[in-house]
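Here the structure is laid out as structure tokens; the discussion comes afterwards.
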Amino acid sequence: MSESAKLSFKGQDYEFPVITGTENESAIDIAKLRASSGLITLDPGYKNTGATKSAITFLDGEEGILRYRGYRIEDLAEKSTFLEVSYLLIYGELPTQAQYEDFSKEITHHTLVHEDIKKILEGFPSNAHPMGVLSSMICALTAFYPASLNPNRSEEEVNLSIIRLIAKMPTFAAWAYKNEMGHPVNYPDNSLDYCSNFLKMMFALPAEKYDVDPVVSAALDKLLILHADHEQNCSTSTVRIVGSSQASIYASISAGINALWGPLHGGANQSVIEMLEAIKADGGDAKKYLDKAKDKNDPFRLMGFGHRVYKNFDPRAKIIKKAADDVLEKLGVNDPVLEIAKELEHAALNDQYFIDRQLYPNVDFYSGIIYRALGIPTDMFTVMFALGRLPGWIAQWKEMRENGEPIGRPRQVYTGANERDYVSMNKR
Ligand code: MLT
């Protein structure tokens, strides 16, 4: 029996259908609200508003559950690979051996980028933030593959664009880093797996032999899995709304990269390390900063703690915490900044002030620590987040287009001046 919700307004009763998803989440379908009552809803930040129905990712903030296409994040992080998870998110099912081999071969075939893109890269000063370089190069793909601009693009064209994005994003990310370092770029080495190829393009130097550390490559693969999708977060919602105008997938993903760049979203992992480095520079007294965080008159806020959706713990953080401990031990990393991080983590997990406010370490806290231990430079942390989130953005864009969703066009409540007559400047 279908459920419904009733609304009474100015003596009139209205009834709206309630839809329930496969995990028993319920939503009031207000598609006819304005036409029937003249009312709209107001929900800044959309914290109580469902933008769509999606079959890609399920998360439960109270229970700390995260599943991609029904598979637990814990299982995927332990048993799968980033490319296999990318296939799962985008096409809906885990690939057969043959499907996986075809997918991997296609991606390997497309890792190279047009030489003219280097001219775009060379136009950026070395102080350009790599996220701005990355979003620009991804959007530039519209120029090299103009068929992607056709709103009536074929499924084959969409799939080719998907393969190109997954194949070329590591190349662009590594090139953005090389531009920042003032080093010559490295071309892809298709004899390597996805993460090893990226690490070699990042860190190999001319005339020096570079061997990828399998511990680093495996840790990076796990990190990318953990970041691959997260339902309707800010950057994913951006990708969907840009795609809803029938903009190309390259333009939509470029917009998602820019949304992720913000310190309140993907930039949080960079802010975590910058906070830790500031504490270290100020003498390394973690307790001083924990007290500052508790002082409501002090503007200092702990970065990397708490989450908008997860109320008790972020399941990804639990997995990354263990991976960080393993990697730091295996690599023999001894970093005073990481010691400060452990003091803050211990306090957040044991101090009632932080427990009461659900300020537990989140995915950004640990990802910043592990990226630092892997030798990834701080302003590349958000680029790593983008590299991981790419298959999720693609899957969500593809789902939105396949479901024929309309262009996104929210309403507003106007609070400005009422009608008034124009007054010429000499009479004001
Ligand atoms: C994410 O993974 O996108 C972040 O945790 C932010 C979010 O989900 O709102």
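Residue numbers (the working numbering): 110 to 537.
By construction, the Cβ of each residue, glycine as well, lies at the ideal position given by its N, Cα and C atoms.
Should the segment 260 to 273 be regarded as contacting the segment 310 to 328, the criterion being three or more beta carbon pairs within less than 8 Å? no
With a 10 Å radius around its C-beta and 16 neighbouring C-beta atoms as the bar for buried, classify R178 as buried or exposed. Your numbering for residue 178 matches position 69 in the sequence shown. Buried, since its Cβ has 16 or more Cβ neighbours within 10 Å.
Residue from A356, L185 and Y286 whose Cα sits closest to the Cα of E202: Position 93 of the sequence shown, counting from 1, holds the residue named residue 202. For E202, the nearest C-alpha among the options comes from L185.
With hydrogens ignored, establish whether the beta-carbon of R417 is closer than 6 Å to any heavy atom of ligand 1. Along the sequence shown, one-based indexing puts residue 417 at 308. Yes, the beta carbon of R417 sits closer than 6 Å to at least one heavy atom of ligand 1.
Would R181 and F167 be called neighbours here (beta carbons separated by less than 7 Å)? Here residue 181 refers to the residue found at position 72 when the sequence shown is read from its first residue. Here residue 167 refers to the residue found at position 58 when the sequence shown is read from its first residue. Not in contact: R181 and F167 (Cβ atoms no closer than 7 Å).
Among residues of its own chain, excluding the 5 on either side of P148, which ones have a beta-carbon nearer than 7 Å to its beta-carbon? Here residue 148 is taken as the residue at index 39 of the sequence shown, counted from 1. Note on residue identity: the sequence assigns Leu, not Pro, to residue 148. Result list for L148: F118 and L142, in chain order.
Is the beta carbon of V351 sitting closer than 7 Å to the one on A364? Taking the sequence shown and counting its residues from 1, one reaches residue 351 at position 242. Taking the sequence shown and counting its residues from 1, one reaches residue 364 at position 255. In contact: V351 and A364 (Cβ atoms closer than 7 Å).
I need the DSSP call for P131, collapsed to helix, strand or coil. Along the sequence shown, one-based indexing puts residue 131 at 22. The amino acid at residue 131 is misidentified as Pro; the sequence shows Thr. Of the three classes helix, strand and coil, the one that applies to T131 here is coil, per DSSP.
Among the candidates I139, L197 and L151, whose CA atom is the shortest distance from the CA of D338? In the sequence shown, residue 338 corresponds to position 229, counting from 1. Comparing C-alpha distances from D338 to each of I139, L197 and L151 shows the shortest one belongs to L197.
T217 - containing alpha helix (DSSP H), residue span: Indexing the sequence shown from 1 puts residue 217 at position 108. From DSSP, the alpha helix (DSSP H) with T217 extends over Q206 to H218.
Could you check the C-alpha separation between Y419 and S380 for me, to the nearest Å? The residue you call residue 419 lines up with position 310 of the sequence shown. The residue you call residue 380 lines up with position 271 of the sequence shown. Between Y419 and S380, the C-alpha separation is close to 20 Å.
Would the segment 226 to 237 count as touching the segment 285 to 293 if we require 3 or more Cβ pairs under 8 Å? yes
Would you say N367 touches ligand 1, meaning its beta carbon is less than 6 Å from a heavy atom? Start at 1 with the first residue of the sequence shown, and residue 367 comes out as number 258. Not under cutoff, so the answer is no.
Beta-ladder partner(s) of I174, from DSSP: Residue 174 sits at position 65 when you count from the first residue of the sequence shown. Its beta-bridge partners are D169.
What residues in its chain sit with their C-beta under 6 Å from that of A395, if we drop five residues either side in the sequence? Position 286 of the sequence shown, counting from 1, holds the residue named residue 395. Close CB contacts of A395 within its chain, under the 6 Å cut and outside five residues either way in sequence, are with I449, E452 and L453 (chain order).
Near A433, which residues of its chain fall below 8 Å by C-beta distance, leaving aside the five closest residues on each side in sequence? Taking the sequence shown and counting its residues from 1, one reaches residue 433 at position 324. Within the same chain, and ignoring the five residues on either side of A433 in sequence, the residues whose Cβ sits closer than 8 Å to its Cβ are Y475, I478, I479 and A482.
What are the uninterrupted segments assigned as alpha helix (DSSP H) that are 4 or more residues long and contained completely in the segment 269 to 353, given in chain order? 303 to 312, 323 to 335 and 343 to 352
Please name the residue or residues paired with Y180 in a DSSP beta bridge. Translated into the one-based positions of the sequence shown, residue 180 becomes position 71. Note: Y180 sits in a beta bridge opposite Y177.
Minimum C-alpha distance to M140 - residue among A360, P519, T217 and N261: Here residue 140 refers to the residue found at position 31 when the sequence shown is read from its first residue. With the sequence shown as reference, residue 140 is identified as Ala, and Met is not the correct amino acid for it. Comparing Cα-Cα distances from A140 to each of A360, P519, T217 and N261, the minimum goes to P519.
Buried or exposed: where does M246 fall if 16 or more other Cβ atoms within 10 Å of its Cβ makes it buried? Your numbering for residue 246 matches position 137 in the sequence shown. Under this definition M246 is a buried residue.
For a quick check, are the C-beta atoms of K389 and P470 less than 7 Å apart? As a working note, residue 389 is residue 280 in the sequence shown. As a working note, residue 470 is residue 361 in the sequence shown. Their beta carbons are not under 7 Å apart, which means K389 does not touch P470 by this criterion.
Looking only at its chain, what residues have a beta carbon closer than 7 Å to the beta carbon of L496, apart from the 5 residues adjacent to it on each side? The residue given as residue 496 occupies position 387 in the sequence shown. Apart from sequence neighbours up to five positions away, the residues of its chain that approach L496 with a beta-carbon distance below 7 Å are M278, P279, A282 and L333, ordered along the chain.
Exposed or buried, which one is E508 when buried takes at least 16 other CB atoms within 10 Å? Mapped onto the sequence shown, residue 508 falls at position 399. By the neighbour-count rule (16 or more Cβ atoms within 10 Å), E508 is buried.
7 Å Cβ shell around Y398 - same chain, five flanking residues per side excluded: Against the sequence shown, residue 398 aligns to sequence position 289. Correct list, in chain order: I388 and F409.
Beta-carbon separation of C304 and D330 under 7 Å? In the sequence shown, counting from the first residue as 1, residue 304 sits at position 195. In the sequence shown, counting from the first residue as 1, residue 330 sits at position 221. Yes.
Mapping the DSSP letters down to three states, classify D423 as helix, strand or coil. By 1-based counting over the sequence shown, the position of residue 423 is 314. Looking at D423 - three-state DSSP - the assignment turns out to be coil, as it is neither helix nor strand.
Straight-line gap, G291 to P424 (C-alpha atoms, nearest Å): Counted from its first residue, the sequence shown places residue 291 at position 182. Counted from its first residue, the sequence shown places residue 424 at position 315. Approximately 38 Å between the Cα atoms of the pair.
By the 10 Å Cβ neighbour count, where 16 or more other Cβ atoms means buried, how is M240 classified, buried or exposed? Counted from its first residue, the sequence shown places residue 240 at position 131. Label assigned to M240: buried.
Is N535 a contact residue of ligand 1, with contact defined as CB to any heavy atom under 6 Å? Here the question's residue 535 lines up with position 426 in the sequence shown. Answer for N535: no, Cβ out of range of ligand 1.
Range of the contiguous alpha helix (DSSP H) that encloses S146: Residue numbering aside, residue 146 sits at position 37 when the sequence shown is read from its first letter. Residues L142 to S146.
Integer Cβ distance of T491 from N342, believed to fall under 8 Å: In the sequence shown, residue 491 corresponds to position 382, counting from 1. In the sequence shown, residue 342 corresponds to position 233, counting from 1. Actually they do not touch by this definition, with Cβ atoms about 14 Å apart.
Just to check my reading of the structure: L357 and I275 have Cβ atoms closer than 8 Å, yes? What is that Cβ distance to the nearest angstrom? Taking the sequence shown and counting its residues from 1, one reaches residue 357 at position 248. Taking the sequence shown and counting its residues from 1, one reaches residue 275 at position 166. In the sequence as displayed, the identity of residue 357 is Ser instead of Leu. 16 Å between Cβ atoms; not a contact.
Applying the criterion that 16 or more other CB atoms from any shown protein chain within 10 Å of the CB defines a buried residue, is Y359 buried or exposed? Sequence index remark: in the sequence shown, residue 359 carries index 250 (1-based). So Y359 counts as buried.
N133 classed as buried or exposed, judged by whether at least 16 other C-beta atoms fall within 10 angstroms: The sequence position of residue 133 within the sequence shown is 24, counting from 1. The residue is exposed, with fewer than 16 neighbouring Cβ atoms inside 10 Å.
On the three-state DSSP scale, how would you describe F414? As a first step, residue 414 is located in the sequence shown; it is residue number 305 there, counting from the start. Strand at F414.
Since F494 and G375 should fall inside the 8 Å C-beta cutoff, what is the C-beta to C-beta distance between them, to a whole number of angstroms? Walking along the sequence shown from the start, residue 494 turns up at place 385. Walking along the sequence shown from the start, residue 375 turns up at place 266. The Cβ separation is near 4 Å, so the contact holds.
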